[in-house]
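The sequence shown begins at 3 in the numbering used here and counts up one residue at a time. Backbone N, C-alpha and C define an ideal beta-carbon position, used for all residues, glycine too. Bear in mind that the values here come from a model prediction, so they are computed numbers and not experimental data. Below is one structure, written out as structure tokens; comments come after it.
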Amino acid sequence: MLLSPAVLLPSLVLVMPLIQPPGADAKPEPTGFLFKTVSIGTETYNYSVYVPPEYDADAAWPCVLFLHGSGERGSDGLLQTEVGIGSAIRRNRALIPAIVVMPQCRPGMTWTGPMAEMALRCVEETSRTYHLDPDRIYLTGLSLGGHGAWFIAARMPDAFAAIVPICGFGEPKEVATLTKMPCWCFHGTADEAVPVQRSRDLIEAVRKAGGDPKFTEIEGGPHNVWDRVYGDPEMWKWLLTQRRGPSAAAPAPELKPARKKK
Numbered sequence: 003m004l005l006s007p008a009v010l011l012p013s014l015v016l017v018m019p020l021i022q023p024p025g026a027d028a029k030p031e032p033t034g035f036l037f038k039t040v041s042i043g044t045e046t047y048n049y050s051v052y053v054p055p056e057y058d059a060d061a062a063w064p065c066v067l068f069l070h071g072s073g074e075r076g077s078d079g080l081l082q083t084e085v086g087i088g089s090a091i092r093r094n095r096a097l098i099p100a101i102v103v104m105p106q107c108r109p110g111m112t113w114t115g116p117m118a119e120m121a122l123r124c125v126e127e128t129s130r131t132y133h134l135d136p137d138r139i140y141l142t143g144l145s146l147g148g149h150g151a152w153f154i155a156a157r158m159p160d161a162f163a164a165i166v167p168i169c170g171f172g173e174p175k176e177v178a179t180l181t182k183m184p185c186w187c188f189h190g191t192a193d194e195a196v197p198v199q200r201s202r203d204l205i206e207a208v209r210k211a212g213g214d215p216k217f218t219e220i221e222g223g224p225h226n227v228w229d230r231v232y233g234d235p236e237m238w239k240w241l242l243t244q245r246r247g248p249s250a251a252a253p254a255p256e257l258k259p260a261r262k263k264k
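Shown next, in the form of structure tokens:
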């Protein structure tokens, strides 16, 4: 079920101010690919988090929320790490100096309604253990996840520092809220699963509304251009230098870095 903005927005916006650093007596936490769970009501969802080996709780770390495509839907909490960012990390972990939250969409569902709320809750839960910078929370997704990135960002345009939708789709009439959102969209011109026109229409809608999103059409690129995008140092350099602006509707809490346990 697709929830309307009036229903979805409050539940999502409330999550971002809850991002807090771990307590001062926090123990050193494990790094690498980590299996996690989050409970919402009567449902328990499995997901994964990647924490760089260099993680230090004395610093506030950028966080990337990654939304996978339709082929990785499931409930094991692991399949989504095998495509997209997870693969890029395994090829070159130094490329992505950020904590990456990787929720998993249930079979037959999309990154809207309950799945969108669950994804944001995964970020909140991660912030309870790891020191995240609330002004450097990024949103990206591929294919079905690209749709999710557009969908969620359009409904909470002040919550993220930037978005990177890849071979996604959505409703052009909904993205006029993203005029101030740093965005770099990618799509292959030979994509047979999601035609490149779907991204063109969204980019045109944002530009007509007064925004200035970046858009890269990868000439001859197939559907899975995400391998190229997530392996591109320039994309990561651009993304991780973006910060949430001072006019954000969801104010950042005052953060005090956790002290390492002696």
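How is the alpha helix (DSSP H) around residue i delimited, first residue to last?
i                 : result
aspartate 78      : Note, aspartate 78: premise wrong, no alpha helix (DSSP H); not H, not E.
histidine 189     : Histidine 189 -> not in any alpha helix (DSSP H); beta strand (DSSP E) instead, spanning 186–190.
valine 51         : It is not in any alpha helix (DSSP H) - valine 51 instead sits in the beta strand (DSSP E) that spans 45–53.
alanine 155       : 146–157
phenylalanine 210 : Residue identity check: residue 210 is lysine in the sequence provided, not phenylalanine. Here the alpha helix (DSSP H) through lysine 210 covers 198–210.
valine 231        : 228–232
The beta strand (DSSP E) with residue i in it runs from where to where?
i             : result
threonine 218 : 216–220
lysine 239    : Here lysine 239 belongs to no beta strand (DSSP E); instead the alpha helix (DSSP H) covers 235–242.
alanine 90    : Premise fails: alanine 90 lies in the alpha helix (DSSP H), 87–93, not in any beta strand (DSSP E).
valine 40     : 34–42
proline 64    : 63–69
Under 7 Å Cβ to Cβ from residue i, same chain only, skipping five residues before and after it: list those, please.
i              : result
glycine 86     : Phe68, His70, Leu144, Trp228 and Tyr232
proline 224    : Gly190, Ala192 and Asp193
alanine 90     : Leu97, Ile98, Tyr232 and Gly233
alanine 156    : Glu176, Val177, Thr179 and Leu180
glutamate 221  : Thr191
tryptophan 300 : With the chain represented from 3 up to 264, any question about residue 300 goes unanswered, as that position is not in the structure.
threonine 83   : Phe35, Ser50 and Met104
Can you list, in chain order, the residues of its chain whose CB lies under 6 Å from that of residue i, leaving out five sequence neighbours each side?
i              : result
arginine 200   : Phe171
alanine 100    : Pro64 and Val66
isoleucine 154 : Ala118
cysteine 124   : Val40, Tyr49, Val103 and Pro105
Using CA atoms only, rank isn't needed, just tell me which of the options is closest to residue i.
i              : options                           : result
arginine 202   : His133, Asp160, Trp152 and Arg245 : Trp152
alanine 59     : Val166, Leu134, Pro184 and Tyr140 : Leu134
asparagine 48  : Pro224, Ala61 and Leu81           : Leu81
methionine 120 : Gly34, Ser41 and Asn226           : Ser41
serine 77      : Arg95, Cys107, Ala62 and Leu97    : Cys107
histidine 149  : Ile165, Leu180 and Trp113         : Trp113
leucine 36     : Thr46, Gly79, Thr44 and Glu45     : Gly79
asparagine 94  : Trp186, Ile205, Glu31 and Arg230  : Arg230
lysine 175     : Pro197, Leu204 and Ile168         : Leu204
leucine 180    : Thr218, Ala207, Gly34 and Gly147  : Ala207
alanine 211    : Ala61, Gly34 and Met183           : Met183
proline 215    : Pro109, Trp186 and Ile168         : Trp186
valine 198     : Ala61, Gly213 and Pro167          : Pro167
valine 196     : Asn226, Thr218, Phe217 and Gly213 : Asn226
glutamate 45   : Leu146, Glu236, Leu242 and Pro116 : Pro116
Which residues in the same chain as residue i place their Cβ atom closer than 8 Å to its Cβ, once the five residues preceding and following it in sequence are excluded?
i            : result
arginine 246 : Pro136, Asp137, Arg138, Ile139, Asp160, Ala161, Phe162, Ala163 and Ala254
arginine 209 : Pro215
### Message
Assess contact between the segment 118–128 and the segment 70–83, defined as three or more Cβ pairs (one per stretch) separated by less than 8 Å. Is contact present?
### Response
no
#### Entry: Contact the segment 45–56 vs the segment 101–109: 3+ CB pairs below 8 Å
yes
### Query
Fully enclosed by the segment 100–181, which beta strand (DSSP E) runs are 3 residues long or longer?
101–104, 134–144 and 164–168
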